[in-house]
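Under mature numbering (1 follows the signal peptide of the UniProt record, and there is no 0), read the sequence shown as residues -22 to -1, 1 to 996, first letter to last.
Read the structure below first, then the notes.
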Amino acid sequence: MKVVPAIGVMAAVWLATAPALAAAPERRFAFDQPAQPLATALLAVSARTGAVIAAPAAMTAGRRALGLSGSMPLGQALRTLLAGSDLDFSISASGVVTLRRRTEAIATAPPSPVRLLPPQPDEPTLVTPISVLARPLAEPTAEQARDAPAQVDVLLEDQLRGAGALGLGDALRQMPGVTAGPEAGEARQIAVRGVGGRFTRVRVNGMETLATFGASNAVGGTNRGRAFDYNIFAADLFKQVRLQKTASADVDEGSLGATIDMRTRSPLELPDRHAVLIVEGGYQTLSREAQPRVSAVLSRRDAAGRLGVLVSAAYSGRSVVEAGASAGQWETGLAVAPGFGSVAAPLDLASVNAALHARIPRLELMEINQDRLGLTGSLEWRPDEATRIALDTIYAELRSSRRENLLESFTFRTPGVCGTPPDPRCGINAVKVTQADIALFGGRKPVLIAGGFDDVDVRSEARRDELNTIFRQTTLAATHRFRDGLEGRLLAGFSRSDFSNPVQQTLYLEQFDVDGFAYDFSDRDRPALNFGNAALASPDAWTISEFRSDPNWVDNSYRSLALDLENRSGPLDWRVGLLAKTYRNVGSARMRSDGGIGNINAQLPAGLQALPLADYVRLVGQGIDFGVAGAPERWLAIDTTAALAAACARDGCTDFTLGPGPVAGLNYDVTERSDAGFLQLALPRSPSRSFWGEVGLRVIHTRLDAASLDVGQDAAARWTRASSDYWSTLPSLNLAWSPSSDVVIRFGAARVMVRPDLISLRPGVSVSTTGAKSASSGNPDLRPTRADAFDLSVDWRPRPGVQLSAAIYRKTIATTVQGTSTRPAPFSANPFGLPDSVAAAACGAAPDCSPGLPIWQFSRPINSGPGRLTGMEVSFRAPLGEAWSVQGAAAYTRTVVRLLDQAGAWVDMQDALGAPRVAANIGLAYQRPGLEARAALSHRSRYLATIPAPNGGDVDGVDPLTTLDAAARLTLSPRLTLTAEAANLTDAYQRQFSDRTLIPTYRHHTGREFRLGLRWAM
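Pasting the structure below:
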């Protein structure tokens, strides 16, 4: 396996560093804070260093602290704050700072050194965690996560901007077991412990939410599911990300992999006056363009720490060029009936048609310009010591202008018998195969991996997209302490993610009957394409052949109201709560239509036909490294914007009519209402107790109301409705045991469930003739994915800065949700009871479409299973001498799920949940006073993305990916820092395959990205 070298390097580094688990050097931090109340000063130090600082409330009351300025370790900062007082501090083996009174008069005592306590438990002391004093519904810091009975990983603010991360999704790759799937060179979605993004839930400021965007077709297109698109957000907006890998009753249901909690900043966690400004410039090597990146934080609170207000903003621009080649999937000639028309001797026509051939071999060039804006606001009020109220808002917007230019042939995917004389648009049946290299993949599957062809139609496709997502969320959170140990919480919130793709316009130029066309995908690392005798740079050789317009929209909204009550005064803590949540998913799409269910893409508006083509074309591809042998230096592509504007000016856009009929399945409105209640009992951790944990029960009632367009037997699309409901009972258990002061062993067991994507619950049937000919439906009776999850982990922290953790996990899956797809057949084989007249209406006058051709596929989501998931995860961090440190993680997960294949047989499919088996990362850091540098290597193995595949392979998948990022910071003054970051230093190619025999189908790259900037802090 090709993953072995990358994992081997990581393992070698790990083993080489094992003997160097020496005492961690004291990390230095840059401070610049004025003299202020001691509690406020400790809060600022905690926020700056991430340390947990604990003290009796009475000990800090009425005291003031000296100011801090300059770079110093935590211990020196604390000694400065406490100078002249009767207070001292100690740091436990786990890194928790505890304030104490001195045992002798401060006037005669020498300066207090930092004392590392022995491993025996401290004497119980009533303390208040300074780092969370002012935070309603507070989440634990990285050190506090060690005391949680559940398995938790935490990233803090500095880590979110670590090692060259382009966005929030890239930053999350640092977490153990997490991998990210890139789009346009930036992480869009993540997978955790062997399950993809649709099995992971996200909460922002305590409320479940969803943000979605669009992408190229090869990486998923428009997101209409539950997977969260992280590229909408800048990492600069968040203070903390917490990932909980085991379920608990007090956490929202819906996750098989993890629940991710993201927190924006709190003004009461910062100094009285706080300001940060970051200005950067970025450069991408393929686009050769520079773009800005700016972020700022402004915060103010009163001296008493009762009222605070904060605003933050982040803006970035990116200009990205993505280039490569694709086979457009693979299909047999028999499935594109009637297949190739002839072959040159000594080739055998039957053998050629029985082999898989490239459906749409092509060069692909994408030019992407993005603008990302994020804003947060927080107003916090603490009217008294028992009450805390916070109003948090977040606004995020991602705009993308995408221009795709593809040089390709659709001939190999176009069915139909050629007449006499043949129509110039005739497809595969007109092609003569002159050369054929048929290889047996996996020893069983014949693939025409390389070939030469005559009478092929060559296309220059020019597509223009305008994409935009606006995300808005407002939450009101309040806590009130009724008496010592009894606290109530309220959370009310609304969020909405509006995705729009109002402009998706494609124009095709075509040259007919080209001889000498050839492709060769036998070399995975360098495919070859040859466009024969096509005159690629001559305007006179091209003809406008087709015009498509496919605007679409997806809106997701959440409304939540949560109430809970927690008691911590008895021998057992208890917590009860209620949650009412409404999630709505609305999709809308249009296509060029005559008012029915058929598209009129091949019918050119009169204004387009009359255009002088030479005035509206441009040369593309110059100077681009496609990584493809034989790629032309340039070719002509139509300027979509200018051509359509001119056509409308001539014709008044009268033939540009759009309708929902051809894309009926993308027009739906589904609402999910869930009411949940939970009870959780907990045995809390204390200095005198080595065993702690929690047990709980969560009960949920889910109601669904779904509506969508439905194509009836009269070929008309009408709205239809369906509804359903179900109950879920989810017990959970999380236990922790600390046999010694530096070891914690955790065990978790829970019943979990993941609800289906709402689009899969639509009740209607739709028929599509754009590309593959198909009929599909939703399934309102789908039930959630259900599983029993078990986790066991060990966390060893022998000294500050050193950690080794290991976990094993298993999930027994009772049922899951899959999409099904059949092999090509005549339309009469459809399972929806539709007559052939419906297919005829959808086909219209298209010569490659007929109800009787065996080219139709039928799809519907179903419940499948059972299955199982097993895996292990290891993570570590350790110093390497005085200035160097290393940290890393690796996870290995195997999944086996019983699924329905294209032939209608149940098969046990491995790696079937949209995530790789292997997820690994390792980072090397260097830190001296005033200088920090870090490099990070991330790796994920291959995984399956689509099961079953819609074309000739049984699955579609994604190949392994290894990336190298780096970052450095140089402190120029206590307020000013120079930053440098680099992403994808190896210019790693993203590759995809078809079938479990690993037929190469896609290879793209986006180049390297560099950023240089300044950070100013007040």
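All residues carry an ideal CB built from backbone N, CA and C; glycine is no exception.
Note that the structure is a prediction, hence the values are computed from the model and not measured.
Threonine 398 and valine 299 have their alpha carbons spaced roughly 44 Å apart.
For serine 815, the enclosing alpha helix (DSSP H) stretches over residues 814 to 821. Taking a cut-off of 8 Å on C-beta distances, the segment 702 to 710 does not touch the segment 525 to 533, as fewer than three cross pairs fall below it. Straight-line spacing of the CA atoms in aspartate 503 and arginine 437 works out to 25 Å. Taking a contact as a CB-CB distance under 8 Å, the pair threonine 242 and phenylalanine 216 counts as one, their CB atoms being some 6 Å apart.
Excluding its 5 nearest sequence neighbours in each direction, aspartate 572 has C-beta neighbours in its own chain below 7 Å: Ile578, listed in chain order. Under the three-state reduction of DSSP output, valine 330 falls in the helix class.
In the three-state reduction of the DSSP assignment, glutamate 987 falls in the strand class. Under the 10 Å beta carbon count, phenylalanine 669 is surrounded by fewer than 16 other beta carbons and is classified as exposed. When DSSP reads this structure, isoleucine 372 sits in a beta bridge with Thr354, Gln451. When DSSP assignments are scanned along the segment 903 to 966, the uninterrupted stretches of beta strand (DSSP E) that are 3 or more residues long and fall wholly within it turn out to be 909 to 918, 921 to 924, 934 to 936, 939 to 949, 954 to 961. In the three-state scheme derived from DSSP, where H, G and I count as helix and E and B as strand, proline 802 is classed as coil. For serine 951, the closest of Arg981, Trp994, Ala765, Asp932 by C-alpha to C-alpha distance is Trp994.
Taking a C-beta distance under 8 Å as the contact criterion, phenylalanine 836 and alanine 753 qualify as a contact pair.
Serine 265 and proline 339 do not touch by the CB rule: their CB atoms are close to 25 Å apart, not below 8 Å. Shown here, alanine 213 sits in a helix according to DSSP, grouped into three states. For the pair methionine 240 and valine 254, the CB atoms are not nearer than the 8 Å cut-off. A contact between stretches requires three or more CB pairs, one per stretch, nearer than 8 Å, and the segment 795 to 809 fails this requirement with the segment 360 to 372. Pairing threonine 698 with glycine 742 gives a Cβ-Cβ distance under 8 Å. For glutamine 968, the enclosing beta strand (DSSP E) stretches over residues 968 to 972. Excluding its 5 nearest sequence neighbours in each direction, glutamine 865 has C-beta neighbours in its own chain below 7 Å: Phe854, Arg855, Gly901, listed in chain order. When the alpha-carbon of alanine 584 is set against those of Arg628, Arg596, Val595, the nearest one is in Arg628. The segment 585 to 604 makes contact with the segment 502 to 521: 3 or more CB pairs, one atom from each, lie closer than 8 Å. For arginine 562, there is no enclosing alpha helix (DSSP H); the enclosing beta strand (DSSP E) has its first and last residue at 551 to 567. Of all C-beta pairs linking the segment 890 to 905 to the segment 158 to 174, three or more are shorter than 8 Å, placing the two stretches in contact.
The straight-line gap separating the alpha-carbon atoms of arginine 676 and alanine 890 is approximately 28 Å. With at least 16 other beta carbons inside 10 angstroms of its own, asparagine 479 counts as buried. Excluding the 5 residues flanking it on each side, alanine 567 has same chain C-beta neighbours closer than 8 Å at Asp528, Pro529, Asn530, Trp531, Pro638, Val641, Leu644, Asn645, in chain order.
Close CB contacts of arginine 729 within its chain, under the 7 Å cut and outside five residues either way in sequence, are with Leu708, Pro709, Asp766 (chain order).
Residue pairing by DSSP places aspartate 349 opposite Gly295, Arg377 in a beta bridge. Pairing valine 287 with glutamate 524, the inter-Cα distance amounts to about 55 Å. In the three-state reduction of the DSSP assignment, glutamate 247 falls in the helix class. Beta-carbon to beta-carbon, proline 938 and serine 919 are separated by about 5 Å, close enough to satisfy the 8 Å threshold.
Residue environment for serine 666: exposed (fewer than 16 other C-beta atoms within 10 angstroms of its C-beta). DSSP, reduced to helix, strand and coil, places leucine 543 within a strand of the structure shown. Per the Cβ contact rule, the segment 176 to 189 is not in contact with the segment 398 to 417 (fewer than 3 Cβ pairs under 8 Å).
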